[in-house]
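If you're matching positions, the sequence shown starts at 20 in the numbering used here and goes up one per residue.
To start, the structure under review is shown below, and the notes come after it.
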Amino acid sequence: MFEIQQRTPETYRQQTRRSTLTIAAIFVALAMLLSSSAVLLFGTPGGDNFRWNLGGVIAALALTAVLVRVLLWPQPFMAAAVYGWRLKRSLMRVTNLMHHVKAGVAARDPAAMQLLRFYHLGLTQMHQLDGNTSALSEAVAEINKHKERMEELGMPTDQPRLNPDWLEAVKKIQPLPR
20 MFEIQQRTPE TYRQQTRRST LTIAAIFVAL AMLLSSSAVL LFGTPGGDNF RWNLGGVIAA
80 LALTAVLVRV LLWPQPFMAA AVYGWRLKRS LMRVTNLMHH VKAGVAARDP AAMQLLRFYH
140 LGLTQMHQLD GNTSALSEAV AEINKHKERM EELGMPTDQP RLNPDWLEAV KKIQPLPR
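Structure, rendered in structure tokens:
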């Protein structure tokens, strides 16, 4: 279950830049090492060694992905990047069901109403963390309207957790015809 946490956008961006640069440096070092090794072991002097260079880069990409997921993911310096990835992944899970969510909201289904509120809170935070205030300003009217509707129905508007039960309940709602 994902939960929205309070994050300072400036600190978040600083931490994600640092982790991105670390991963990029690891990839570059591995790509150079593996490409050079492949050419040295399998290449021909003065010949076309493009395929060995490409093979080294592809191997470096795969090895970097494994290193990130296995070794770096749990490291403290990666916490902001992991949080951002989990936030965006959670929002995507809701986005993939949005036609069901909107139908449920129109029918005042509690799970759909709560899921859309979580989505709005997560989307707001994502835009703030990424520094994308223009996209956020476009969504403010819809976000406020939905919050007011929830308040009118006496529903809590603080929905910082993505409840998997909401996703399952919303999947059963028939989408509105287009």
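Every residue, glycine too, gets a C-beta built ideally from N, C-alpha and C.
Taking residue i as part of the alpha helix (DSSP H), name the residues at either end of that continuous run.
i: Thr143; result: 129-149
i: Met97; result: Met97 -> no alpha helix (DSSP H), and no H or E assigned at all.
i: Asn163; result: 152-171
i: Met117; result: 117-125
i: Arg70; result: 69-86
i: Arg27; result: The sequence shown places Thr at residue 27, not Arg. No alpha helix (DSSP H) contains Thr27, which DSSP labels as neither H nor E.
Going by beta-carbon coordinates alone, are residue i and residue j separated by less than 9 Å?
i: Leu134; j: Gly150; result: no
i: Tyr102; j: Gln24; result: yes
i: Val189; j: Leu142; result: no
i: Leu53; j: Gly66; result: no
i: Ala131; j: His118; result: no
Using the beta-carbon count (16 or more within 10 Å), is residue i buried or exposed?
i: Asp177; result: exposed
i: Ser34; result: This sequence places Gln at residue 34; Ser is not what is there. The residue is buried, with at least 16 neighbouring Cβ atoms inside 10 Å.
i: Gln94; result: exposed
i: Ile77; result: exposed
Restricting to Cα atoms, I'd like to know which of the options is closest to residue i.
i: Val87; options: Phe96, Ile42, Met111, Glu29; result: Ile42
i: Ala48; options: Phe69, Gly74, Ala79; result: Ala79
i: Arg26; options: His146, Asn182, Arg112; result: His146
Which residues in the same chain as residue i place their Cβ atom closer than 6 Å to its Cβ, once the five residues preceding and following it in sequence are excluded?
i: Ala154; result: His146
i: Leu91; result: Met97
i: Glu187; result: none
i: Tyr199; result: The chain is shown from 20 up to 197; residue 199 falls before or after that span and cannot be answered.
Leaving aside the five residues before and after residue i along the sequence, list all residues of the same chain whose C-beta is less than 8 Å from its C-beta, in chain order.
i: Ala98; result: Gln34
i: Phe129; result: Residue 129 is actually Pro in this sequence, not Phe. Excluding positions up to five away in sequence, the list reads Met174.
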